[in-house]
Amino acid sequence: MWKFNWNMSKEKWLMILAAGVCLMVLALPSGKRSSGAESGAESAGDIRAEGNWARSYERELERRVEDFLKTVDGVGEADVMITVKSSEEKVFRVDRSVSDSSTEETDSAGGSRRVSSGSQEENTVLTGSGGGESPIVEKELMPEIEGVAVSADGGGDARIQAEISAALEALFHVPQHKIRVLKRVE
Numbered sequence: 000m001w002k003f004n005w006n007m008s009k010e011k012w013l014m015i016l017a018a019g020v021c022l023m024v025l026a027l028p029s030g031k032r033s034s035g036a037e038s039g040a041e042s043a044g045d046i047r048a049e050g051n052w053a054r055s056y057e058r059e060l061e062r063r064v065e066d067f068l069k070t071v072d073g074v075g076e077a078d079v080m081i082t083v084k085s086s087e088e089k090v091f092r093v094d095r096s097v098s099d100s101s102t103e104e105t106d107s108a109g110g111s112r113r114v115s116s117g118s119q120e121e122n123t124v125l126t127g128s129g130g131g132e133s134p135i136v137e138k139e140l141m142p143e144i145e146g147v148a149v150s151a152d153g154g155g156d157a158r159i160q161a162e163i164s165a166a167l168e169a170l171f172h173v174p175q176h177k178i179r180v181l182k183r184v185e
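Following this line, the structure appears as structure tokens:
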């Protein structure tokens, strides 16, 4: 068994220290990422991009509603805030195959039994070839609107509030209790 000698010379201590620093430098990550780290970074980027997309979608709707409300008699200047429940949803084309089989058996003693089995298989339809394959998008569903708030110059008038609420209900299929019209103040 070897014993560690704490009474080493200064040169030996410096060599051990230099070796430790070299090991630490080698242990630091290089510019290349492993596939696991890349997928984690991509998924975080996708989440941020999805959040930015949802926010830009909300902002575009808000701008369109503001422009529309400016043209309505009695509304005046208006600020609109729209919130959505989720992000855009894509529905991909799927091939489905279903098979069912049923067998009825009778034995010599007069007993019978029925055996049924079934299977279902679903595959996403892809387009392209080789590494460039991508799923076929059947339809894209825009996010469902959660609520709308409007601050308008004419928002203090009950008639204007009712007209704005009715218009927003018709445009976005949002129930009246999720729409608020308020009087705007400067």
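Per numbering that gives the first Met the number 0: the sequence shown = residues 0 to 185.
The C-beta atom is built at its ideal place from N, Cα and C for all residues, glycine as well.
The beta-bridge partner set that DSSP reports for residue 96 consists of 120.
The closest CA to that of residue 83, considering only 122, 182, 177, 185, is found on 177.
If you draw a straight line from the Cα of residue 24 to the Cα of residue 130, it is about 37 Å long. By the 16-neighbour rule on beta-carbons within 10 angstroms, residue 153 is buried. The three-state secondary structure of residue 143, taken from DSSP, is coil. Segment contact: the region 64-84 against the region 117-136, fewer than three CB-CB distances shorter than 8 Å; contact not assigned. Contact between residue 150 and residue 78 holds: CB atoms are separated by about 5 Å, below the 8 Å threshold.
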